[in-house]
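Novice: The structure follows.
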Amino acid sequence: MQRKTVWSLVSTVALLLVLCSAWASFAADVEISLWTAYGTSGAVFETFAEEYMAAHPGVKINIGIFPARALEEKLTISLPSGTSGDIIEETAFAIAPYVQAGLIAEPPAWVKEFVNTSVYKLMRQGVYINSDLLGSPSVAGLKYLYWNKSMFEEAGLPGPPKTLDELKDYAQKLVQYDKNGNVIRSGISLRLSGGGYGVAEKWWMLALAPYGGSPLIETAPGKYTGGFDTEATQKAVQLYLDLLYNLKVDSYAVEHGVDAFTRETTAMFEREGFVIANLAKYAPDVKYGIAPCVGQDYWGTLCVNSIFMVAQNSSHKDVAWDFIHFISNKQNTSRLYEEAGWNPVRSDVDYSDIYAKQPMYQFMQDFPEGYGAYFYPTIVPWNEIWIKTGEWLATLFTQEQLANDPEKLAAKCQQFNEQVNMILDDNGLYAPNDS
Amino acid sequence: MLNRFSVGKSQRKRYLFIASLLLPVFAIFIVVRIWPITETFRLSFHHYDMLRHTETYIGLRNYSRLFASNDFILSLKNTVLFAAVTVPVNIFFALGLAMLLQSRKRKIPILEAIYFLPYMVPLVPASIVWKWIYSPNGLLNRFLETIGLSHVAWLTGSMALFSIMILFVWRMNGYLMIIFLVGLRSIPSIYHDAAAVDGSNWWQQTRFVTLPILRPILLYASIMATVWAFMIFSPVYVMSQGSDFATGGSVKVLSLDIYMRAFSYMRMDMACTEAVILFMIILFFTAINLRVSRQKSVH
Numbered sequence: 000m001q002r003k004t005v006w007s008l009v010s011t012v013a014l015l016l017v018l019c020s021a022w023a024s025f026a027a028d029v030e031i032s033l034w035t036a037y038g039t040s041g042a043v044f045e046t047f048a049e050e051y052m053a054a055h056p057g058v059k060i061n062i063g064i065f066p067a068r069a070l071e072e073k074l075t076i077s078l079p080s081g082t083s084g085d086i087i088e089e090t091a092f093a094i095a096p097y098v099q100a101g102l103i104a105e106p107p108a109w110v111k112e113f114v115n116t117s118v119y120k121l122m123r124q125g126v127y128i129n130s131d132l133l134g135s136p137s138v139a140g141l142k143y144l145y146w147n148k149s150m151f152e153e154a155g156l157p158g159p160p161k162t163l164d165e166l167k168d169y170a171q172k173l174v175q176y177d178k179n180g181n182v183i184r185s186g187i188s189l190r191l192s193g194g195g196y197g198v199a200e201k202w203w204m205l206a207l208a209p210y211g212g213s214p215l216i217e218t219a220p221g222k223y224t225g226g227f228d229t230e231a232t233q234k235a236v237q238l239y240l241d242l243l244y245n246l247k248v249d250s251y252a253v254e255h256g257v258d259a260f261t262r263e264t265t266a267m268f269e270r271e272g273f274v275i276a277n278l279a280k281y282a283p284d285v286k287y288g289i290a291p292c293v294g295q296d297y298w299g300t301l302c303v304n305s306i307f308m309v310a311q312n313s314s315h316k317d318v319a320w321d322f323i324h325f326i327s328n329k330q331n332t333s334r335l336y337e338e339a340g341w342n343p344v345r346s347d348v349d350y351s352d353i354y355a356k357q358p359m360y361q362f363m364q365d366f367p368e369g370y371g372a373y374f375y376p377t378i379v380p381w382n383e384i385w386i387k388t389g390e391w392l393a394t395l396f397t398q399e400q401l402a403n404d405p406e407k408l409a410a411k412c413q414q415f416n417e418q419v420n421m422i423l424d425d426n427g428l429y430a431p432n433d434s
Numbered sequence: 000m001l002n003r004f005s006v007g008k009s010q011r012k013r014y015l016f017i018a019s020l021l022l023p024v025f026a027i028f029i030v031v032r033i034w035p036i037t038e039t040f041r042l043s044f045h046h047y048d049m050l051r052h053t054e055t056y057i058g059l060r061n062y063s064r065l066f067a068s069n070d071f072i073l074s075l076k077n078t079v080l081f082a083a084v085t086v087p088v089n090i091f092f093a094l095g096l097a098m099l100l101q102s103r104k105r106k107i108p109i110l111e112a113i114y115f116l117p118y119m120v121p122l123v124p125a126s127i128v129w130k131w132i133y134s135p136n137g138l139l140n141r142f143l144e145t146i147g148l149s150h151v152a153w154l155t156g157s158m159a160l161f162s163i164m165i166l167f168v169w170r171m172n173g174y175l176m177i178i179f180l181v182g183l184r185s186i187p188s189i190y191h192d193a194a195a196v197d198g199s200n201w202w203q204q205t206r207f208v209t210l211p212i213l214r215p216i217l218l219y220a221s222i223m224a225t226v227w228a229f230m231i232f233s234p235v236y237v238m239s240q241g242s243d244f245a246t247g248g249s250v251k252v253l254s255l256d257i258y259m260r261a262f263s264y265m266r267m268d269m270a271c272t273e274a275v276i277l278f279m280i281i282l283f284f285t286a287i288n289l290r291v292s293r294q295k296s297v298h
C-alpha cells in the first residue's frame, strides 16, 4: 500500500514537470501587453501586433481593450502594484497622478524628435505635463459639429451655425414634435446623462468654452481656483436649460449622440472624428457635413491627445518602445486613420489616398484661421473634479425650475464651486482668485 | 494516574490533527476578512497616498470632510430612501405571494419556480437587460407608445432611483418568497384549525397565529433585505455607465460612492471612511431589527 502511494506521488510530480516544461516551450521569449480604451483603434492594433510578431519571432503582444472608465479604474490598482500592461494608451490628464508618482517610464530620445518634427503643432502641448514629455502621441480627439444636410435643406438653412446664437435659432427650425408636443427629432443633441465625465466634456466644448469660461482658473503658478462661479459658467448652464425647457429643442425621452445622428433623430451634435467611420459603416445614406465647433466669445476645439506610454514596471521596455515606433510609422498612421477615424498626429504624411476613399476626412484636418485648441488640466485631482462636474451638471439639467431662476442657478454654481475648491485644497492646489 | 486536566496522548494527537486542518482555514479567514476590515478602520484615520504607499495620521479629518461632501450626503439620502422603500415592499410582496401560494389547495411547484427564476439570473446581465428595457426606445416606452402614451425618461433624475428599485424588488422577491413559504409550511395545521374552531377569520389567524410563528423568519428576511438594500451596487453601477440614457450620478448610492472614491478618485482613505460609516449604519438597523423582534417565539 505504501509503495503504491509513493509511486503514485512520483508519477504525479513527473507528469506535472513534463506539463510545465511543455508549457514553457510554448511561451514566448518576450511577452508584452498594450492596454487601450479605444475599441476602434484597438482592433487595428491587433492587426499591427500580428504583423510585428510575424517580423519578430519570440515576441508575443497582447492587446487589451477596455471601456474608458474601466481602464482608469484598472490603472489605479495595477500601476502601483506593478501589474499593469507594458504599454498604456491614455490621455495626459488621466495619467498625470502616475507620472508624478514615478510610475511611468521616461520615453527614449526618438520620441522627443518625433514630437518636434512630425506632429501637428496644434497637438504638441497635449503630450507634456509641464515640460515633461510623457510618451509618443497615438491619435488626437478634436471635436467637430456634425450637421444633417437633408434636414438643413428642408428647414431652408444655408449651412452649419457658427455661433451659439445661430445654433439656438437653427435648432428651433430643425426640431420636430409629435401630436402631443413631445420632441421626436431634436434640433441639437445634447449630452444630458451618463457615467464618468462625458456630460462635463460635451458641455465644456458646446457651451462653456464658447462663452470664454474654463473649469479651473490658474491664480498662481501651480495653484487654482474653481471656475464655476463665473458669468461664463452660468451662461453655459443657462444655454442647456434654455435648449431643454424654454426652446424645447431636445428632450430626455429621445435618443442622443452618435446613435441619434445615425438614425436621423437629431439634426446636429458635436463629437470627435471617429463618427465618420461609424456613419460610413452603419448609415452610409445619411447626408451630412462636418464643421468646426460652434463659437461665441471664443472659437476653438478641445484637443485630447492619446499617448503611448510605457509603465515603469515593464520588464521589456525596449521591445515596448520598438512596437510603439512600429505603430507610429507613416504607413501605420495612415492605416489607423482610415480604419479608426481619430485625428492622426503626424503632419508629415500624405493622406490624399484616404481623402479619396472618404472625402469627409479632409474636413477633419481643415483648421481655419483663428481656430484655437484647449487642453485638459493635468493636475492629480482632475479626474475627481471632472467626474463630479459631470454628475453635478446631469442633476442640474433635470431641474426645470432653474431655467427661469437665474439667482437660484447662480447659487447652485457657487455651491458647486466651493466643492471644487475643497478638492483642490485637499490636494494643496487651491489659491483664491484675488482679482 | 491522569488528573482531569491532563490530556491523553491519543486525544492530543486528535486535537493537533483538528488544529492542523483548521489552521489554514483560519489563516485564510484572517487574511481575507479580519485584516482588510481592521485596515479599513485604521486607514479611515489616515491620509493615504495609494500611489506612493505613504500615510499620515490625521484623526477625524476624513470624517469631517466626508460629511461636508455633497456627494456623500446625496449617496446617503439615496441609499436610505432605497432601503426605506425596497425593504417593506420586498417583505410585503414576498409574504403576500407566499401566503397566496400556500393557501392554494392544489400546490403548483412550477409557479414557485417561476417566481424564483429572477433570483437565479446574475445581477449584472439582469441590469444590462433592464437598462435596455428602460432605454428611450426600449420595451417599456414602446409599450407606452402603443397605448398612446408619451415616452418616459426612466433613467433620468429622481425617476432613475425608482426604476432601479423596481429591478431590485423583481430580483430579490423570489428568494424571500421561498423563505416565507418554507416558514409557512412548517406551521403545524393544528394551530390554524384550533383558531378556526374558535371562530377566527383569515385576518385574525394571520395576525395572531401566522405572523408570531413566522417572527424568526421575518427577522431573518428583514435583516437580509436591509443589508442587500444598503449594499446595492451592481444595478446602480451598470445603469450609470455609458453615455446615452445612463443614470449618471443622480442615483449614486453609498457603495458606488465608495467604489468611485477608491478607484476613480484614488482616495482610498476616504473610501475606507465611508465604508466604516456604511458598516455602522447597517449595524444600527440590524440592531433595531433584533430589538423589535426580541419578543419570544410562541414555540
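Heads up: the sequence lines are chains A and B, in that order.
Residue numbers are given in numbering that gives the first Met the number 0: position 385 of the first sequence equals residue 384, and the series is strictly consecutive.
Residue numbers are given in numbering that gives the first Met the number 0: position 207 of the second sequence equals residue 206, and the series is strictly consecutive.
The beta carbon of each residue, even a glycine, is placed where N, CA and C say it ideally should be.
Since the structure is predicted, the reported quantities are computational estimates derived from the model, not experimental observations.
Would you be able to state if there are at least three C-beta pairs under 8 Å between the stretch 36-56 of chain B and the stretch 169-185 of chain B?
Specialist: These segments do not touch.
Novice: Within the continuous beta strand (DSSP E) that includes B/M265, where are the two ends?
Specialist: Here residue 265 of chain B is taken as the residue at index 266 of the second sequence, counted from 1. First-last for B/M265: undefined, no H or E at that position.
Novice: Using only the alpha-carbon positions, how far apart do A/F362 and A/I275 sit?
Specialist: Locating residue 362 of chain A in the first sequence gives position 363, counting from the first residue. Locating residue 275 of chain A in the first sequence gives position 276, counting from the first residue. Computed Cα separation, rounded: 11 Å.
Novice: Between the alpha carbons of A/L243 and A/L395, how many angstroms are there, rounded?
Specialist: Along the first sequence, one-based indexing puts residue 243 of chain A at 244. Along the first sequence, one-based indexing puts residue 395 of chain A at 396. Straight-line Cα distance between these residues: approximately 12 Å.
Novice: Residues in its own chain within less than 7 Å of B/W227 by CB, not counting five upstream and five downstream?
Specialist: Taking the second sequence and counting its residues from 1, one reaches residue 227 of chain B at position 228. M171.
Novice: Could you give the residue range of the alpha helix (DSSP H) that holds A/P136?
Specialist: Here residue 136 of chain A refers to the residue found at position 137 of the first sequence. Here A/P136 belongs to no alpha helix (DSSP H); instead the beta strand (DSSP E) covers 135-140.
Novice: Does the distance from the CB of A/L238 to the CB of A/G225 come in under 8 Å?
Specialist: As a position in the first sequence, residue 238 of chain A is number 239, starting the count at 1. As a position in the first sequence, residue 225 of chain A is number 226, starting the count at 1. Result no, Cβ atoms of A/L238 and A/G225 do not sit closer than 8 Å.
Novice: Would you check if the stretch 88-107 of chain A and the stretch 306-326 of chain A touch, i.e. whether three or more CB-CB distances between them fall below 8 Å?
Specialist: These segments touch.
Novice: Answer with buried or exposed for B/R266, where buried requires no fewer than 16 other C-beta atoms within 10 angstroms of its C-beta.
Specialist: Counted from its first residue, the second sequence places residue 266 of chain B at position 267. With 16 or more Cβ atoms within 10 Å of its Cβ, B/R266 is classed as buried.
Novice: Pull up the distance between the alpha-carbon of B/K8 and that of A/L74, whole angstroms please.
Specialist: Here residue 8 of chain B refers to the residue found at position 9 of the second sequence. Here residue 74 of chain A refers to the residue found at position 75 of the first sequence. Distance between the alpha carbons of B/K8 and A/L74: 55 Å.
Novice: Ignoring anything shorter than 4 residues, give me the alpha helix (DSSP H) runs that lie fully in the stretch 91-173 of chain A, in order along the chain.
Specialist: Fully enclosed alpha helix (DSSP H) runs of 4 or longer: 91-99, 108-117, 120-123, 148-153, 163-173.
Novice: Please name the residues in the stretch 72-97 of chain A whose beta-carbon is closer than 8 Å to at least one beta-carbon of chain B, in chain order.
Specialist: From the stretch 72-97 of chain A, only E72, T75, I76, L78, P79, P96, Y97 have a Cβ closer than 8 Å to chain B.
Novice: Under 7 Å between beta-carbons, which chain A residues line up against B/M265? List them in chain order, please.
Specialist: In the second sequence, residue 265 of chain B corresponds to position 266, counting from 1. Ordered by position in chain A, the residues that pass the 7 Å Cβ test against B/M265 are T75, P96.
Novice: Are the beta-carbon atoms belonging to A/L173 and A/M150 less than 8 Å from one another?
Specialist: Taking the first sequence and counting its residues from 1, the one referred to as residue 173 of chain A is at position 174. Taking the first sequence and counting its residues from 1, the one referred to as residue 150 of chain A is at position 151. In contact: A/L173 and A/M150 (Cβ atoms closer than 8 Å).
Novice: Quick one: grab the DSSP three-state call for A/P343.
Specialist: The residue you call residue 343 of chain A lines up with position 344 of the first sequence. Strand, per DSSP.
Novice: Report all residues from its chain with a CB closer than 6 Å to the CB of B/L1; omit the five preceding and five following residues, and keep chain order.
Specialist: If you number the second sequence from 1, residue 1 of chain B lands on position 2. Confidence at B/L1 is low in this model, with a pLDDT of 49, below 50, so the placement of that residue is unreliable and no value is reported for it.
Novice: In terms of residues, what are the limits of the alpha helix (DSSP H) holding A/H324?
Specialist: To locate residue 324 of chain A, count along the first sequence from 1; it is residue 325. First-last of the alpha helix (DSSP H) with A/H324: 316-326.
Novice: Using CA coordinates, which residue listed in B/E273, B/S292, B/T285 is at the minimum distance from B/L59?
Specialist: Walking along the second sequence from the start, residue 59 of chain B turns up at place 60. Measuring from the Cα of B/L59, the nearest candidate turns out to be B/E273.
Novice: Taking Cβ-Cβ distances below 8 Å as the criterion, which residues of the stretch 132-156 of chain A are in contact with chain B?
Specialist: For the stretch 132-156 of chain A, which is checked against every Cβ of chain B, not one residue is closer than 8 Å.
Novice: Please name the residue, chosen from A/N147, A/T39, A/Q233, A/K120, that lies closest to A/E263 on a Cα-to-Cα basis.
Specialist: Translated into the one-based positions of the first sequence, residue 263 of chain A becomes position 264. Closest option to A/E263, Cα to Cα, is A/N147.
Novice: Drop a sphere of 10 angstroms on the beta-carbon of B/G182, count the other beta-carbons inside from all chains shown, and report buried for 16 or more, exposed for fewer.
Specialist: Against the second sequence, residue 182 of chain B aligns to sequence position 183. The residue in question, B/G182, is buried, as its Cβ has 16 or more Cβ neighbours within 10 Å.
Novice: Going by DSSP, name the residue or residues bridged to B/R64.
Specialist: Position 65 of the second sequence, counted from the start, is the residue given in the question as residue 64 of chain B. For B/R64, which the question treats as bridged, DSSP gives no partner whatsoever.
Novice: Alpha carbon to alpha carbon, how far is A/I326 from A/P56? Give it in angstroms, no decimals.
Specialist: Locating residue 56 of chain A in the first sequence gives position 57, where the first residue counts as 1. Locating residue 326 of chain A in the first sequence gives position 327, where the first residue counts as 1. Going by the C-alpha atoms only, they are around 17 Å apart.
Novice: Can the beta-carbon of A/V198 be found closer than 8 Å to that of A/R190?
Specialist: Working through the first sequence from its first residue, we reach residue 198 of chain A at position 199. Working through the first sequence from its first residue, we reach residue 190 of chain A at position 191. Yes, they are a contact pair.
Novice: Are any of the Cβ atoms in chain A nearer than 8 Å to that of B/H298?
Specialist: Counting from 1 along the second sequence, the entry for residue 298 of chain B is found at position 299. Any answer about B/H298 is weak, because its pLDDT of 45 lies below 50 and its placement is not dependable; what the coordinates show is given next. For B/H298, the answer is no, since every Cβ of chain A falls outside 8 Å of its Cβ.
Novice: Does the stretch 250-257 of chain A come close enough to the stretch 147-163 of chain B that 3 or more CB-CB pairs lie under 8 Å?
Specialist: Contact between the stretch 147-163 of chain B and the stretch 250-257 of chain A is present, because at least three Cβ pairs lie under 8 Å.
Novice: Please decide whether A/S435 counts as near chain B, where near means a Cβ-Cβ distance under 8 Å.
Specialist: Any question about residue 435 of chain A goes unanswered here, given that chain A covers just 0 to 434.
Novice: Establish whether the CB of B/P135 and some CB of chain A are separated by less than 8 Å.
Specialist: As a first step, residue 135 of chain B must be located in the second sequence, where it is residue number 136. For B/P135, the answer is yes, since a Cβ of chain A falls inside 8 Å of its Cβ.
Novice: By Cβ distance, which residues of its chain are closer than 6 Å to A/Y169, with the 5 residues on each side in sequence left out?
Specialist: For the purposes of this step, residue 169 of chain A is identified with residue 170 of the first sequence, where counting begins at 1. The answer, listed in chain order, is L156, P160.
Novice: Using a C-beta cutoff of 8 Å, does A/I378 count as contacting chain B?
Specialist: Walking along the first sequence from the start, residue 378 of chain A turns up at place 379. Not an interface residue.
Novice: Using a Cβ-Cβ cut-off of 7 Å (strictly less than) and excluding sequence neighbours within five positions of B/V84, which residues of its own chain qualify?
Specialist: In the second sequence, residue 84 of chain B corresponds to position 85, counting from 1. M164.
Novice: Using a Cβ-Cβ cut-off of less than 7 Å, list which residues of the stretch 251-273 of chain A approach chain B; keep chain order.
Specialist: Hits within the stretch, in order: Y251, A252, V253, E254, H255, G256, D258.
Novice: Mind pulling the chain B residues with CB within less than 9 Å of A/I386?
Specialist: Taking the first sequence and counting its residues from 1, the one referred to as residue 386 of chain A is at position 387. What A/I386 touches in chain B: G248, M259, S263, Y264.
Novice: Grab the span of the alpha helix (DSSP H) containing A/I187 for me, first residue to last.
Specialist: If you number the first sequence from 1, residue 187 of chain A lands on position 188. Unbroken run through A/I187: none, as it is neither H nor E.
Novice: What in chain B is Cβ-close to A/N432, meaning under 7 Å?
Specialist: Locating residue 432 of chain A in the first sequence gives position 433, where the first residue counts as 1. Those within 7 Å of A/N432 in chain B number zero; the least Cβ separation is about 21 Å.
Novice: Which one of B/H45, B/A67, B/R11 has the shortest CA to CA distance from A/M421?
Specialist: Taking the first residue of the first sequence as position 1, residue 421 of chain A is located at position 422. Cα-wise, what sits closest to A/M421 is B/A67.
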